[in-house]
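To start, the structure itself, in structure tokens.
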Amino acid sequence: QSSPHPCAINTITVTLSSNVPIPNVVSYANAGTIYPSIVVSRVLGAQSGPDDGSVNSDLSRVISLTSFQLYNLTTGSWSTQSDLFRSSTSASASNRAMFSFQSSTGEASVQLYLGGASSAIYSRNSLASPAGNCADRPSAVVFSFRVYNPSTPQSPAQAVSVGALGIPIPSAAMLQALGDGRPMYIKAGGLTATVSQTSSSPCQPNTVTVTMSATVQLWSRCVSKVTVAGLGLANWPATPTVALTARLPSNFQTSTANVSIPGTVIVNFSLSSGNYLDAGQTLQFSFGVTNPSFAVATVPVPQVAVPGVGLVASAQLAGFNGWPGSVDQAAWSKSEIWQSSPFPSAANQITVTLRPTVDLVPTCGVVVTISNLAGACFG
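For the sequence shown, our numbering assigns the number 5 to the initial residue and increments by one for each residue that follows.
Structure (structure tokens):
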């Protein structure tokens, strides 16, 4: 396979050779006509890809093959062979296959009828054998088709199988590539995230910034939103302002951002079809809130998630202003008072010097009260 990433466009490539001829049609005088076909089965979790076409009454789909080649025994090379396979017995269905998916088992299968170039599956070699007869030698074919990967790893893993109908070849497990190339091996992704806020002062505008990256590609098919939950912010704007700043693929951008429940921001993305955020690539976005007037000492650790592929990360703290939603307790770092006269009935100028530990803004409706001025008459 070409990609182990969740929801990715994945090219599956199959190479086959047969020890018996498999013609495109077999006619019997008393048994009618048989149209042999090859069936690749147990393609676990695969969904019909971007090359699918018409849908049949049984919900199977016609898909286009992305490559179809024959190995030439004489030249020892591969070459494209048109009409090698068909999605049906019709000549107009050449270079196509039939894709089926069984929801009960989660398995897909691809059926290919033999086309007009059926001799490619098995050819006669013109070199003479020791007995003086023609020596039959199998040739090989290779074909590829594209599927969409599932959003999560498939368990238990199983081998893709191949068999034939018409010229019966029992279905059996195929020799598979290893590692990321093993068909329908889907990587289990990881997610890292950091969060920061610009202000921990009461009543102040506060910008919360989320920076995240995944260990797998995030494809447009499954990734339409990122959620940031557990923020513990008290005063939410009706529509948070969200701004993306990142190294992004073409047409990867935010469309909307909203609050679904208190403490959760949902950022909805609009990705062009077939696009993705690459593994390890940084996505950063921010939104504005207003801090409450009261102190908030304890807030939960935010959870950043990509629901479409089941990725969740406990965010790490970034910056020096605390977790988003934490608000400092207002206090005085300096509070001094003195008078100008100690004499009875004399005019007395009271002077006060204050320095707060946080910014005091008019939107908080701050009132400073000086108390315990015993005996003072104001006039």
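Glycine included, each C-beta is placed from N, C-alpha and C at the ideal position.
Reduced DSSP category for residue i - H, G, I as helix; E, B as strand; rest coil
i: Pro172; result: coil
i: Pro328; result: coil
i: Gly119; result: coil
i: Val313; result: helix
i: Thr367; result: helix
i: Ala351; result: coil
i: Ala299; result: coil
i: Ser58; result: strand
i: Ser112; result: Checking the sequence shown, residue 112 turns out to be Ala, not Ser. Strand, per DSSP.
i: Ser31; result: strand
i: Ser96; result: helix
i: Ser104; result: strand
i: Met216; result: strand
i: Ile341; result: strand
i: Val305; result: coil
i: Leu235; result: coil
i: Leu222; result: strand
i: Pro8; result: coil
i: Ser375; result: coil
i: Tyr158; result: Residue 158 is actually Gln in this sequence, not Tyr. Coil.
i: Ile270; result: strand
i: Ala335; result: coil
i: Gln25; result: Reading the sequence as shown, one finds Pro at residue 25 and not Gln. In this structure, Pro25 counts as coil in the three-state DSSP scheme.
i: Gly167; result: strand
i: Leu287; result: strand
i: Ala144; result: strand
i: Phe149; result: strand
i: Thr19; result: strand
i: Val362; result: coil
i: Asn210; result: strand
i: Val47; result: strand
i: Asn279; result: coil
i: Cys381; result: coil
Closest Cα partner of residue i within the set the options
i: Gln115; options: Gln73, Leu69 and Gly326; result: Leu69
i: Trp223; options: Val212, Tyr280, Leu235 and Gly193; result: Tyr280
i: Leu182; options: Pro172, Gln162, Leu195 and Ala176; result: Gln162
i: Ala301; options: Ser375, Thr213, Trp327 and Pro348; result: Trp327
i: Pro187; options: Val44, Ala334 and Asn295; result: Val44
i: Ser41; options: Pro27, Pro209, Ala350 and Ile374; result: Pro27
i: Gln307; options: Ala380, Val199 and Ala351; result: Val199
i: Val227; options: Ser58, Leu48, Ser155 and Gln5; result: Ser155
i: Ala334; options: Phe298, Gln320, Phe347 and Ala35; result: Phe298
i: Gly193; options: Cys381, Ser107 and Cys11; result: Cys11
i: Ala322; options: Gly49, Ala197, Gln51 and Ser22; result: Ala197
i: Val373; options: Phe291, Ser339 and Ser64; result: The residue asked about is misnamed: residue 373 is Thr in this sequence, not Val. Comparing Cα positions, the closest option is Ser339.
i: Pro160; options: Asn210, Pro25, Leu48 and Thr211; result: Leu48
i: Ala95; options: Gly80, Gly120, Phe103 and Thr79; result: Gly120
i: Asn60; options: Asn34, Ala35 and Ser104; result: Ser104
i: Phe382; options: Thr367, Gln353 and Pro366; result: Gln353
i: Arg225; options: Gln208, Tyr152, Gly292 and Ala380; result: Tyr152
i: Gly278; options: Gly234, Pro296, Leu235 and Gln221; result: Gln221
i: Phe347; options: Ser375, Ala380 and Val316; result: Ala380
Close beta carbons around residue i, own chain, < 7 Å, minus the five adjacent residues each side
i: Met178; result: Ala163, Val164, Ser165 and Val166
i: Val370; result: Leu364
i: Arg100; result: Val66, Ile67, Ser68, Leu69, Arg90 and Ser91
i: Ile173; result: Gly167
i: Ala378; result: none
i: Ser148; result: Thr15, Ile16, Thr17, Leu69, Thr70 and Ser71
i: Gln180; result: Ala163, Val164, Arg186 and Pro187
Own chain residues within Cβ distance below 6 Å of residue i, not counting five before or after
i: Leu20; result: Val145
i: Arg46; result: Glu111, Gln162, Val164 and Ser165
i: Thr355; result: Trp342
i: Ile38; result: Val30 and Gly170
i: Ser7; result: Asn14
i: Tyr189; result: Pro8
i: Trp82; result: Gln73 and Tyr75
i: Ser58; result: Val66
i: Gly314; result: Thr156
i: Met102; result: Ser64, Ser91 and Gln115
Neighbourhood of residue i by C-beta distance below 8 Å, restricted to the same chain and skipping five residues each side
i: Ser337; result: Arg359, Pro360 and Thr361
i: Arg150; result: Ile13, Asn14, Thr15, Ile16, Gly53, Pro54, Asp55, Ile67 and Thr70
i: Pro311; result: Lys229 and Thr231
i: Ala97; result: Val66, Arg90, Ser91 and Tyr117
i: Ala350; result: none
i: Thr268; result: Thr231, Val232, Ala233, Gly234 and Leu235
Proximity test, residue i beta-carbon vs the ligand FAD heavy atom, cut-off 7 Å
i: Gly326; result: The ligand content of the structure shown is nil, which means the ligand FAD is not present either.
**Study point:** Unbroken stretches of the beta strand (DSSP E), 3 residues or longer, contained in the region 181–206
**Key:** 195–201
Check your understanding: Do three or more CB pairs link the region 194–207 to the region 326–343 at distances below 8 Å?
Key -> yes
Check your understanding: For the 8 Å Cβ check, are there 3 or more pairs between the region 205–221 and the region 281–289?
Key -> yes
Check your understanding: Considering only residues of the region 61–86, which uninterrupted beta strand (DSSP E) runs meet the minimum length of 3 residues and lie entirely inside it, listed in chain order?
Key -> 65–68, 71–76 and 81–84
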